[in-house]
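> Going line by line, the protein sequences match chains A and H.
Going by our numbering, 451 is the number at position 449 of the first sequence; the sequence numbering is gapless.
Going by our numbering, 130 is the number at position 120 of the second sequence; the sequence numbering is gapless.
Just dropping this structure here.
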Amino acid sequence: MAERSHGPGQSEGRGSTAGHTTSYPRAETAAHLRQLLETEGDAIHAHTSVSNRRRHEVFDETDDLDALRSEARAIKEDAIDRLPDLIETVRKAVEANGGTVYVAADAADANAYVADVVNNRAATSTAAESASGRPSVVKSKSMTTEELDLNDALESEGIEVTETDLGEWVLQVADDTPSHIVGPAMHLTREEIAELFTEQFDPDEEFETAEELTRFARDHLGERIREADVGITGANFVVAESGTITLVTNEGNARKCAVTPDTHVAIAGVEKLIPSIRDLEPFVDLIAKSATGQEISQYVTMLSPPTESPTLTFDEPDEPIGANTDAETNGSTDREFHLVLLDNGRTEMRADDQLRETLYCIRCGACSNSCANFQAVGGHGFGGETYSGGIATGWEAGVHGQDSAAEFNDLCTGCTRCVDACPVKIDIPWINTVVRDRVNRDAEPEAYDFLVDGLTPDEESGGLDLGKRFFGNIDTVAKLGSATAPVSNWLGETAPVRSLLERTLGIDQRRALPSFERQSLVDWFDARGGEQESKRRAAAGRRAAHDESTDALDREVVLYPDVYTNYVDTDRGKAAVRTLEALGVPVSVPNLPESGRAPLSQGMVATADTQASTVYAALAEDLDAGRDVVVIEPSDLAAFQREYERFLPERSFERLRDNSYEICEFIFGLLENGADPAVLSTAGGGGERIGNGDSGQPIAYHSHCQQRTLDLEAPTVAVLERCGYAPRTSTVECCGMAGSFGYKREYYEVSMDVGERLASEIEQASTELVVASGTSCGDQLETLLGRTVPHPVEVLAPDRP
Amino acid sequence: MSTDTDAVGQLEHALDELEVSLERVSAAEASDRLAALLTEPAIGVELPFEGVSLPAPVTTEPTAATLADAQIGITPATFAIAEYGTVAIESRAAGDEPISVYPEHHIAIVAASDVVPDLAGGFGRLADRFAAGGDSIVFATGRSATADMGDLVHGVHGPGEVTVIVLEDR
Chain A
3 MAERSHGPGQ SEGRGSTAGH TTSYPRAETA AHLRQLLETE GDAIHAHTSV SNRRRHEVFD
63 ETDDLDALRS EARAIKEDAI DRLPDLIETV RKAVEANGGT VYVAADAADA NAYVADVVNN
123 RAATSTAAES ASGRPSVVKS KSMTTEELDL NDALESEGIE VTETDLGEWV LQVADDTPSH
183 IVGPAMHLTR EEIAELFTEQ FDPDEEFETA EELTRFARDH LGERIREADV GITGANFVVA
243 ESGTITLVTN EGNARKCAVT PDTHVAIAGV EKLIPSIRDL EPFVDLIAKS ATGQEISQYV
303 TMLSPPTESP TLTFDEPDEP IGANTDAETN GSTDREFHLV LLDNGRTEMR ADDQLRETLY
363 CIRCGACSNS CANFQAVGGH GFGGETYSGG IATGWEAGVH GQDSAAEFND LCTGCTRCVD
423 ACPVKIDIPW INTVVRDRVN RDAEPEAYDF LVDGLTPDEE SGGLDLGKRF FGNIDTVAKL
483 GSATAPVSNW LGETAPVRSL LERTLGIDQR RALPSFERQS LVDWFDARGG EQESKRRAAA
543 GRRAAHDEST DALDREVVLY PDVYTNYVDT DRGKAAVRTL EALGVPVSVP NLPESGRAPL
603 SQGMVATADT QASTVYAALA EDLDAGRDVV VIEPSDLAAF QREYERFLPE RSFERLRDNS
663 YEICEFIFGL LENGADPAVL STAGGGGERI GNGDSGQPIA YHSHCQQRTL DLEAPTVAVL
723 ERCGYAPRTS TVECCGMAGS FGYKREYYEV SMDVGERLAS EIEQASTELV VASGTSCGDQ
783 LETLLGRTVP HPVEVLAPDR P
Chain H
11 MSTDTDAVGQ LEHALDELEV SLERVSAAEA SDRLAALLTE PAIGVELPFE GVSLPAPVTT
71 EPTAATLADA QIGITPATFA IAEYGTVAIE SRAAGDEPIS VYPEHHIAIV AASDVVPDLA
131 GGFGRLADRF AAGGDSIVFA TGRSATADMG DLVHGVHGPG EVTVIVLEDR
């Protein structure tokens with residue numbers, strides 16, 4: 003099998019000094035990702051989407067899931083906080099057990115120590131000679147040893163290394179690298195593995211089934227394990243108090259590697275330390291659920307080595323096992339144990355307020371599995387030198403440096419689906435945003451900066467990628483586009499302009515541009531008579547929609563005019579206004595600043611911070627007056643309810659969070675409090691029949707990724723049901739458009755690949771109506787399905803001007 | 011119905027999902043039942059349950075060669091966790107760890123009174139064992155498995171068949 007190229011910047015081999023993403027031509031990145039979509043995408047999608055579905059199922063079945071996740075998080079926070087103490091605690095515990103602890107500063111240090119252990123042991127070993135006569139090591143799966151490039155280091159010392167996890171062994175045979183932190187060879191199909199093994203091992207009959215391959219591997223690797231001088235494992239957790247190495251596996255190879263050779267070396271990042279055995283419980287409960295959707299893994303091995311387990315000397319086959327066991331101490335005199343704790347940048351990560359959270363990661367891969375982009379390209383695209391998936395940005399920036407993170411960081415669209423998946427509640431999108439910001443700031447100014455300089459009131463220093471700057475300031479762009487519509491729309495569709503946009507800003511020519519409305523939503527609302535007119539209409543609506551005595555319905559709404567609703571998709575804004583008025587609620591639509599979502603998605607944190615303050619200042623009086631803020635675009639609501647916590651004083655953040663609502667969530671609240679859905683456009687017309695789900699008119703509904711993370715898919719579904727529809731919801735985590743992502747030249751094809759999976763799911767629902775909550779989702783689906791995909795509120799809004 | 015019986019029922023259900031059979035026997039019947047399950051060569055660890063001994067063909071002092079060839083490995087489980095179908099195997103001088111992981115078929119024997127309902131109960135027992143010096147334990151749940159060769163296959167490095175025997179009166 004040909005060696006695969008893994009990343010346009012990695013052709014010079016590991017540790018190359020390749021620059022940040024923008025220094026690669028966009029076309030090169032696009033070509034690399036296209037190749038992965040074609041060669042590895044289907045296998046990766048098959049595995050990750052199944053693991054993700056199973057995780058959803060087992061999470062749903064776990065009653066105390068949220069408490070469990072909070073508990074695990076708290077244990078990690080505490081452990082990282084007192085890490086230096088825990089290192090001393092574990093050193094004492096392991097030494098008291100008869101083992102050795104070595105804290106390695108970096109990869110070279112760790113590798114040299116391990117090589118010494120192996121060479122010393124081989125010189126005195128009673129193990130069977132390996133076929134080559136060289137010192138030999140068997141390993142169980144460990145991403146930390148991948149981080150060290152341990153195998154290469156040991157082999158350069160003349161040591162024979164055999165991976166015993168089947169996936170890792172396949173990669174070793176193929177000279178390939180992991181594409182996923184849990185299932186490292188998931189990008190290879192059974193057919194590819196069978197072909198590889200047939201070619202490599204020349205069996206009597208060609209390999210075909212997984213059963214045959216597994217049987218062969220078991221026999222082949224079993225022999226290597228029996229001969230080995232040293233067994234090397236990683237550790238999922240290390241219990242400081244007792245010096246206990248915890249290994250979570252399904253195959254059983256880690257058990258064999260740990261107790262078959264007389265010498266066991268466990269290699270773990272320092273962040274794997276937890277205080278006591280009782281602290282292990284929530285992690286044992288969560289790790290398999292998060293990783294594969296299993297309730298628990300086959301083997302949770304908790305060893306406090308050197309163990310008393312008898313030594314196994316296979317070159318003396320007729321001696322009883324444990325012949326070297328000392329009856330006096332009831333333990334083996336011949337066992338040796340080394341715990342290598344790796345720093346390699348972790349102490350600096352611990353001191354970094356933004357990267358520290360990465361150290362809570364238990365490496366379950368749930369962030370990869372729940373990521374639509376990862377499902378499409380896998381870890382060879384969405385990954386750095388060692389780690390892959392959403393959290394890899396934190397790991398790579400911490401252990402290999404920012405350049406490695408910059409190679410793939412833009413594949414995180416901030417959709418936040420991993421936030422619900424992470425068993426220790428790491429805000430993975432935020433880590434991606436922060437690292438993107440740091441990468442932006444380190445970049446050199448570009449030649450075409452003048453093109454966007456005039457547009458942008460942002461807070462960013464020079465050097466930012468032009469496309470990022472353009473999308474980060476989309477409110478200014480949209481305002482200009484609207485003011486000059488329809489000329490801006492005509493111009494935007496001409497070939498020379500599209501070509502220019504692609505060359506300079508990286509906007510893919512194949513993607514339709516948004517079409518700006520000449521009259522913004524805010525202008526429409528003013529022209530219609532503003533708040534006075536809305537109050538009049540609401541009063542009329544109120545008489546029709548509910549009993550005036552219900553205080554719960556006595557609300558006033560500020561409708562947030564997000565950029566797209568205000569300038570591009572004004573229809574959904576008008577529909578929201580009409581719906582609220584029909585339900586008796588008066589509305590105002592003030593001219594409010596952009597939420598900061600756009601700059602955040604480009605890693606422009608300082609600009610987003612300023613936007614948050616400006617938005618809050620503009621809304622403070624309404625909030626004080628007890629008005630509710632209603633938002634149509636879920637990504638803007640998510641900014642208010644998630645990221646603003648980092649930008650605003652706590653009280654301001656909570657005030658806005660507690661008084662802001664997604665439009666259908668707000669409508670649901672009104673209906674729950676007695677408003678009559680019959681005043682809306684219900685299925686079947688006229689509102690005479692109100693269904694309860696199954697019996698209603700079929701409608702396909704794709705909620706928005708960030709809306710799902712806010713747990714706000716359900717209210718829209720409920721409102722549709724109350725209005726006589728039978729919604730069928732999508733399971734695809736994200737539409738792939740994700741704001742600016744799908745416009746970018748280098749990501750257009752990934753975006754379309756993700757979108758096509760969603761579109762085919764929607765098509766399978768075979769419904770006349772398709773609705774989506776997000777602008778991007780709607781645009782993507784309209785492109786792929788070739789039909790109109792409105793916001794749910796446009797379907798629900800009463801038909802009047 | 012006692013709590014223990016409920017837990018055994020739950021254990022049986024969980025094991026059923028894992029395609030692991032559970033047998034309930036009295037201490038007096040256990041030896042005969044084990045004898046009936048044997049495929050030789052069989053290796054095992056002396057059982058700590060009063061009135062239960064290993065059938066004659068089972069060797070408790072295997073050589074490296076018998077360990078490699080054994081079809082069946084019999085070990086006690088210190089406790090079992092009903093909700094997940096987990097048995098706790100100690101890694102100790104008697105050789106429970108290699109004897110439970112090397113042979114193709116692992117038979118774990120557990121007293122009904124040692125079946126705890128859930129993981130919290132299991133960690134309670136685990137913490138007790140750690141405090142008493144038994145600080146190397148494996149939670150084994152179902153059969154060794156992998157999907158790394160393209161499809162799910164059981165019996166990779168560990169046993170492809172597991173039987174749990176519950177001593178109802180112990």
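Note that the Cβ used here is the ideal one computed from N, Cα and C, for glycine as well.
1) Please give the ranges of any alpha helix (DSSP H) in the segment 505-547 of chain A, keeping only runs that are unbroken, at least 4 residues long and fully inside the region.
2) For residue 331 (chain A), does the count of other Cβ atoms within 10 angstroms reach 16, so buried, or fall short, so exposed?
3) How many Å lie between residue 432 (chain A) and residue 594 (chain A) at the Cα?
4) Taking a Cβ distance cut-off of 7 Å, strictly less, list which residues of the segment 89-114 of chain H are near chain A, in chain order.
5) Which class does residue 304 (chain A) belong to by DSSP, given the choice of helix, strand or coil?
6) Rounded to whole angstroms, what's the CA-CA distance from residue 516 (chain A) to residue 570 (chain A)? Just pull it up for me.
7) Go through its chain and collect everything with a Cβ distance to residue 356 (chain A)'s Cβ below 6 Å, but skip five positions before and after it.
8) Return helix, strand or coil for residue 20 (chain H), following the three-state DSSP convention.
9) Against residue 215 (chain A), what residues of chain H qualify as contacts under a CB-to-CB distance less than 7 Å, listed in chain order?
10) List the residues that DSSP assigns as beta-bridge partners of residue 704 (chain A).
11) Mind listing the chain A neighbours of residue 72 (chain H)? Cutoff is C-beta to C-beta under 9 Å, in chain order.
12) What are the residues of the segment 124-146 of chain H that lie near chain A, defined by any Cβ-Cβ distance shorter than 8 Å?
13) Report the neighbours of residue 306 (chain A) on chain H: residues whose CB is nearer than 7 Å to its CB, in chain order.
14) Would DSSP call residue 233 (chain A) helix, strand or coil?
15) Using a C-beta cutoff of 8 Å, does residue 274 (chain A) count as contacting chain H?
16) Quick one: measure Cβ to Cβ for residue 422 (chain A) and residue 711 (chain A), integer angstroms, because I've assumed they're closer than 8 Å.
17) What do you reckon, are the CB atoms on residue 270 (chain A) and residue 344 (chain A) nearer than 8 Å?
18) Does residue 630 (chain A) come out as helix, strand or coil in the three-state DSSP assignment?
19) Name, please, each residue of chain H whose Cβ falls closer than 7 Å to the Cβ of residue 91 (chain A).
20) Identify each residue in the segment 16-49 of chain H for which the Cβ-Cβ distance to at least one residue of chain A is less than 7 Å, and report them in chain order.
21) If you run the structure through DSSP and keep just helix, strand and coil, what is residue 699 (chain A)?
22) Apply the 10 Å Cβ neighbour rule to residue 114 (chain A) and answer buried if 16 or more other Cβ atoms are within range, or exposed otherwise.
23) Residues of the segment 173-188 of chain A with a CB closer than 9 Å to any CB of chain H: list them in chain order, please.
24) Per DSSP, what are the beta-bridge partners of residue 110 (chain H) in this structure?
25) Counting C-beta neighbours from all protein chains within 10 Å, is the total for residue 125 (chain A) 16 or more, i.e. buried, or is it exposed?
26) Identify every residue that forms a DSSP beta bridge with residue 663 (chain A).
27) Helix, strand or coil: which one does DSSP assign to residue 144 (chain A)?
28) Let me confirm a value: residue 660 (chain A) is counted as buried when at least 16 other C-beta atoms fall within 10 Å, else exposed. Which label applies?
29) 8 Å is my cut-off, CB to CB: does residue 54 (chain H) come that close to chain A?
30) Is the CB of residue 195 (chain A) under 8 Å away from at least one CB in chain H?
31) What whole-angstrom Cβ distance do residue 429 (chain A) and residue 359 (chain A) have, given they're in contact under 8 Å?
32) Check whether the segment 600-612 of chain A touches the segment 571-584 of chain A, counting contact only when three or more Cβ pairs, one atom from each stretch, lie closer than 8 Å.
33) How many angstroms separate the CA atom of residue 141 (chain H) from the CA atom of residue 396 (chain A)?
34) Helix, strand or coil: how does DSSP classify residue 323 (chain A) here?
35) What is the DSSP secondary structure of residue 403 (chain A), counted as helix, strand or coil?
36) Check each residue of the segment 250-284 of chain A: if its Cβ is closer than 8 Å to any Cβ of chain H, include it; give the result in chain order.
On the basis of the coordinates in this document:
1) 523-529 and 532-547
2) Locating residue 331 (chain A) in the first sequence gives position 329, counting from the first residue. With a pLDDT of only 47 at residue 331 (chain A), under 50, the local geometry of the prediction cannot be trusted, and the value read off the model is given with reservation. Counting Cβ neighbours within 10 Å, residue 331 (chain A) comes out exposed, since fewer than 16 surround it.
3) Residue numbering aside, residue 432 (chain A) sits at position 430 when the first sequence is read from its first letter. Residue numbering aside, residue 594 (chain A) sits at position 592 when the first sequence is read from its first letter. About 25 Å.
4) Those residues of the segment 89-114 of chain H that come within reach of chain A (Cβ to Cβ, closer than 7 Å) are 94, 96, 101, 102, 103, 105, 107, 108 and 111.
5) If you number the first sequence from 1, residue 304 (chain A) lands on position 302. In the structure shown, residue 304 (chain A) sits in a strand (DSSP, three-state: E or B).
6) By 1-based counting over the first sequence, the position of residue 516 (chain A) is 514. By 1-based counting over the first sequence, the position of residue 570 (chain A) is 568. Their Cα atoms are separated by approximately 7 Å.
7) Working through the first sequence from its first residue, we reach residue 356 (chain A) at position 354. For residue 356 (chain A), where only same-chain residues beyond five positions count, the Cβ hits under 6 Å are 436.
8) Taking the second sequence and counting its residues from 1, the one referred to as residue 20 (chain H) is at position 10. Residue state for residue 20 (chain H) is assigned as helix, using DSSP reduced to three classes.
9) For the purposes of this step, residue 215 (chain A) is identified with residue 213 of the first sequence, where counting begins at 1. Ordered by position in chain H, the residues that pass the 7 Å Cβ test against residue 215 (chain A) are 159.
10) The residue given as residue 704 (chain A) occupies position 702 in the first sequence. Answer by DSSP bridge pairing, in chain order: A:774.
11) Working through the second sequence from its first residue, we reach residue 72 (chain H) at position 62. The contacting residues are 322 and 323.
12) 129, 130, 133, 136, 137, 140, 145 and 146
13) For the purposes of this step, residue 306 (chain A) is taken as residue 304 along the first sequence, with counting starting at 1. Simply 145 and 146.
14) Stepping through the first sequence from its first residue, residue 233 (chain A) is reached at position 231. Here residue 233 (chain A) sits in strand by DSSP.
15) Working through the first sequence from its first residue, we reach residue 274 (chain A) at position 272. For residue 274 (chain A), the answer is no, since every Cβ of chain H falls outside 8 Å of its Cβ.
16) As a working mapping, residue 422 (chain A) is identified with position 420 in the first sequence. As a working mapping, residue 711 (chain A) is identified with position 709 in the first sequence. Taking 8 Å as the upper bound for CB-CB distance, residue 422 (chain A) and residue 711 (chain A) are in contact here, some 6 Å apart.
17) By one-based count along the first sequence, residue 270 (chain A) stands at place 268. By one-based count along the first sequence, residue 344 (chain A) stands at place 342. Yes, the Cβ-Cβ distance between residue 270 (chain A) and residue 344 (chain A) is below 8 Å.
18) As a first step, residue 630 (chain A) is located in the first sequence; it is residue number 628 there, counting from the start. Assignment of residue 630 (chain A) by DSSP, reduced to helix, strand and coil, places it in the strand class.
19) Along the first sequence, read from residue 1 onward, the residue named residue 91 (chain A) stands at position 89. Neighbours of residue 91 (chain A) in chain H, taken as residues whose beta carbon is under 7 Å from its own, are absent, since the nearest beta carbon is some 15 Å off.
20) none
21) In the first sequence, residue 699 (chain A) corresponds to position 697, counting from 1. Residue 699 (chain A) falls in the strand class under three-state DSSP.
22) The count along the first sequence starts at 1 and reaches residue 114 (chain A) at position 112. Counting Cβ neighbours within 10 Å, residue 114 (chain A) comes out exposed, since fewer than 16 surround it.
23) 185, 186, 187 and 188
24) Start at 1 with the first residue of the second sequence, and residue 110 (chain H) comes out as number 100. Residue pairing by DSSP places residue 110 (chain H) in no beta bridge whatsoever.
25) Residue mapping note: residue 125 (chain A) aligns to position 123 of the first sequence, counting from 1. By the neighbour-count rule (16 or more Cβ atoms within 10 Å), residue 125 (chain A) is not buried but exposed.
26) Stepping through the first sequence from its first residue, residue 663 (chain A) is reached at position 661. The partner list for residue 663 (chain A) (beta bridge, DSSP) reads A:632.
27) Within the first sequence, residue 144 (chain A) is the residue found at index 142, counting from 1. Looking at residue 144 (chain A) - three-state DSSP - the assignment turns out to be coil, as it is neither helix nor strand.
28) As a first step, residue 660 (chain A) must be located in the first sequence, where it is residue number 658. Exposed.
29) One-based indexing of the second sequence puts residue 54 (chain H) at position 44. It does not: the Cβ of residue 54 (chain H) has no partner Cβ on chain A nearer than 8 Å.
30) Numbered from 1 along the first sequence, position 193 holds the residue referred to as residue 195 (chain A). Interface residue, yes.
31) On the first sequence, position 427 is the one that residue 429 (chain A) refers to. On the first sequence, position 357 is the one that residue 359 (chain A) refers to. Yes, residue 429 (chain A) and residue 359 (chain A) are in contact; Cβ-Cβ is about 7 Å, under 8 Å.
32) no
33) Taking the first residue of the second sequence as 1, we reach residue 141 (chain H) at position 131. Taking the first residue of the first sequence as 1, we reach residue 396 (chain A) at position 394. Their backbone Cα atoms lie some 37 Å apart in a straight line.
34) Locating residue 323 (chain A) in the first sequence gives position 321, where the first residue counts as 1. Note: residue 323 (chain A) maps to coil in three-state DSSP.
35) Along the first sequence, one-based indexing puts residue 403 (chain A) at 401. In the structure shown, the three-state DSSP call for residue 403 (chain A) is coil.
36) 252, 253, 254, 255, 257, 258, 261, 262, 279, 280, 282 and 283
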